[in-house]
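In this note's numbering, the protein residues as written are 30 to 378. Where is the CB? At the ideal position from N, CA and C, for every residue including glycine. Note sheet for the following structure.
This is how it looks when you write it as structure tokens:
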């Protein structure tokens, strides 16, 4: 009954087998192999346009280098107040942009509110040297609380980005989970709505260690090769990332894995909704479920082998958790089994 994180799950057998096959023989390093080039072309096909793709080892690196690529002196990037890059990346985006700041934007359901975003941007008037200057907007899809930006919500934020001349980045650590839930194509959930840069995550969805930074306009990434090298993210044996993506994208494996994770979350959510001893904090739309439990019940579940994390209530939801209660996050993955979900629900009561 492990619902701690999709990071706890291992690698899908198809990924492991492809890694084993890639370990034989010799291959050009630093992204120069035929396999690297093949995967770059696959990303072009995936996004239905020519894109620039750069492999990195972690999602934090992808997010940080995305902002570094569009950095400006005194730069300020706007993200949701509880975005991963703001709360869970230990200042890496600021570090790799050499001091650019992250400005939090409020919004319900883990999503940036467009009116709040415009108000925050307006706090940095052009040519006011003391404040700094806006440089990017970042949204997280799926969000940190398992909700999704609908296409029209992305388009509304993209309109603001275009009005102010700002690139729009998408933190897609759970890109596949959001994609299958919305029933969109990668192009439909990115550049067709106005997204400029995507942190394309695969590690949480069955890969061993595979993240890609995707620029919809290759010219925007002209300095990224040097930025990536300086950040120690140019992997020498990059074929071991490329081969993971090869297996991941083959025959829609990545979408099937995300569908399974989402289905297990829906099963879990349904069980919690019918429990006498817990309540859903909000409706989950991907593979993260949030529930409010009595602290004693949460302790009992953990003693019986359930693994999950307590979670800070969103600032937009004051009063969500009463005394002696706890908000918990339950994450499913490609490796979650229905029997594990059912065992948890049975013990929850």
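Proximal residues to residue i (C-beta, below 6 Å), its chain only, five neighbours per side dropped
i: residue 171; result: 177, 203, 206, 207, 315
i: residue 60; result: 267
i: residue 241; result: 82, 84, 229
i: residue 303; result: none
Where residue i sits in the DSSP three-state scheme
i: residue 93; result: helix
i: residue 341; result: coil
i: residue 83; result: strand
i: residue 107; result: strand
i: residue 354; result: strand
i: residue 240; result: strand
i: residue 199; result: strand
i: residue 359; result: strand
i: residue 279; result: helix
i: residue 320; result: strand
i: residue 36; result: coil
Extent of the continuous beta strand (DSSP E) to which residue i belongs
i: residue 162; result: 162 to 169
i: residue 134; result: 130 to 134
i: residue 209; result: Premise fails: residue 209 lies in the alpha helix (DSSP H), 204 to 211, not in any beta strand (DSSP E).
i: residue 227; result: 226 to 230
i: residue 216; result: It is not in any beta strand (DSSP E) - residue 216 carries neither H nor E in the DSSP assignment.
Closest Cα partner of residue i within the set the options
i: residue 287; options: 374, 301, 230; result: 230
i: residue 236; options: 34, 341, 285, 45; result: 45
i: residue 247; options: 157, 82, 329, 189; result: 82
i: residue 182; options: 174, 262, 169; result: 169
i: residue 377; options: 366, 362, 328, 345; result: 328
i: residue 244; options: 233, 253, 234, 226; result: 226
i: residue 110; options: 343, 263, 374; result: 343
i: residue 253; options: 112, 350, 126; result: 126
Proximal residues to residue i (C-beta, below 7 Å), its chain only, five neighbours per side dropped
i: residue 114; result: 92, 108, 122, 131, 167, 200
i: residue 143; result: 185, 186, 189
i: residue 323; result: 306, 353, 354
i: residue 165; result: 96, 99, 106, 195, 196, 198
Chain-order list of residues whose beta-carbon lies under 8 Å from that of residue i (same chain, five-residue window excluded)
i: residue 275; result: 47, 64, 67, 68, 71
i: residue 338; result: 33, 34, 357, 358
Residue range of the unbroken alpha helix (DSSP H) whose run includes residue i
i: residue 150; result: 143 to 150
i: residue 158; result: First-last for residue 158: undefined, no H or E at that position.
i: residue 181; result: 180 to 192
i: residue 370; result: 367 to 377
i: residue 177; result: Counting along the chain, residue 177 falls outside any alpha helix (DSSP H), and DSSP gives it neither H nor E.
i: residue 309; result: It is not in any alpha helix (DSSP H) - residue 309 instead sits in the beta strand (DSSP E) that spans 307 to 309.
Between the segment 131 to 143 and the segment 269 to 284, do at least 3 Cβ pairs fall closer than 8 Å?
no
I want to know whether the segment 87 to 94 touches the segment 290 to 308 - three or more CB-CB distances under 8 Å.
no
Are at least three pairs of beta-carbons, each pair with one atom in the segment 310 to 326 and one in the segment 253 to 260, less than 8 Å apart?
no
If contact is defined by three or more beta carbon pairs under 8 Å, each pair taking one atom from either stretch, is the segment 52 to 59 in contact with the segment 154 to 164?
no
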